[in-house]
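S.K.:
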Amino acid sequence: MGHKFGFYQLKLPIERVLEKNLKFWKENRGNITQKQHSENGLIHTMIIDRDISAMSYGEKYQMKFGYNPKEDTTYVIVEVSLKFGYGLQWLKPQGIMKDWAIEMGCAPMKLARNQDISFFNMFRTIEKLDWLDTETKAIAFCPQCGQSNDKSSNYCKKCGTKLVE
């Protein structure tokens, strides 16, 4: 049956990504069966199961989210496996991940059989980050465009709107 991988880079804080992710899977009949997070709170892992449907015998999605506060970026690794089948059965998870990427605001990618080592190395870097590094940077969201900004600035770095305190 095999596994395929997807790699995504989101310019959103991890809390926002997790919130959008939960909403997406709730709307797309995904059952979150397991959740974990790292000691420093910057890496979260979820396992999502989807049951049999007209186009698929079911899939399992293992998603790993890692937030690097120094870059203000959340990295996502998705490992998809089919519960049964091959070939055309990959169309459904490919479509699901395309919809997921669009919902998250990033470019969709085709699931691949190869792993991207640079993403795995990024997670090693995130695991080593100290929790204090993340707490010193307070974040404010722009009411106009939703961009995350440092609380120390008064105006949005993307659209220039005054930030609400």
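Residue numbers (the numbering used here): 1 to 165. Just so you know, even glycine gets a beta-carbon here, dropped at the ideal spot from N, CA and C.
#1: Determine the direct distance from the alpha carbon of Glu79 to that of Lys98, and round the result to whole angstroms.
#2: Distance check for Asp49 and Ile96, CA to CA, integer angstroms please.
#3: Have a look at Ser81, Leu42, Asp51, Gln36 and flag the residue whose alpha-carbon is nearest the alpha-carbon of Gly2.
#4: Which complete beta strand (DSSP E) runs does the region 39-123 hold, if anything under 3 residues is left out?
#5: Hey, quick one: how far does the beta strand (DSSP E) through Lys20 stretch, first residue to last?
#6: Who are the Cβ neighbours of Ala112 in its own chain at under 7 Å, not counting the five residues just before and after it?
#7: On the three-state DSSP scale, how would you describe Thr134?
#8: Just curious, the beta strand (DSSP E) that Lys35 is in, first and last residue?
#9: The beta strand (DSSP E) that contains Gly146, what's its start and end?
#10: Taking the straight line between their C-alpha atoms, what separation do you get for Leu169 and Gly160?
#11: Can you list, in chain order, the residues of its chain whose CB lies under 6 Å from that of Asn68, leaving out five sequence neighbours each side?
#12: Can you list, in chain order, the residues of its chain with a C-beta nearer than 7 Å to that of Ile102? Leave out the 5 residues immediately preceding and following it.
#13: Quick one: Cα of Ala140 to Cα of Arg16, how far?
#14: Quick one, are the C-beta atoms of Glu59 and Lys83 less than 9 Å apart?
M.R.: Reading off the structure:
#1: 14 Å
#2: 12 Å
#3: Ser81
#4: 43-50, 59-68, 73-82
#5: Careful: Lys20 lies outside any beta strand (DSSP E), inside the alpha helix (DSSP H) at 14-27.
#6: Lys4, Phe5
#7: In this prediction, Thr134 has a pLDDT of 47, which is less than 50 and means its spatial position is unreliable; nothing more can be read from the coordinates.
#8: 31-37
#9: Looking at the DSSP string, Gly146 is not in any beta strand (DSSP E), and its letter there is neither H nor E.
#10: Because the chain in this structure spans residues 1 to 165, residue 169 falls outside the shown range and cannot be described.
#11: Ile126
#12: Pro108
#13: 12 Å
#14: yes
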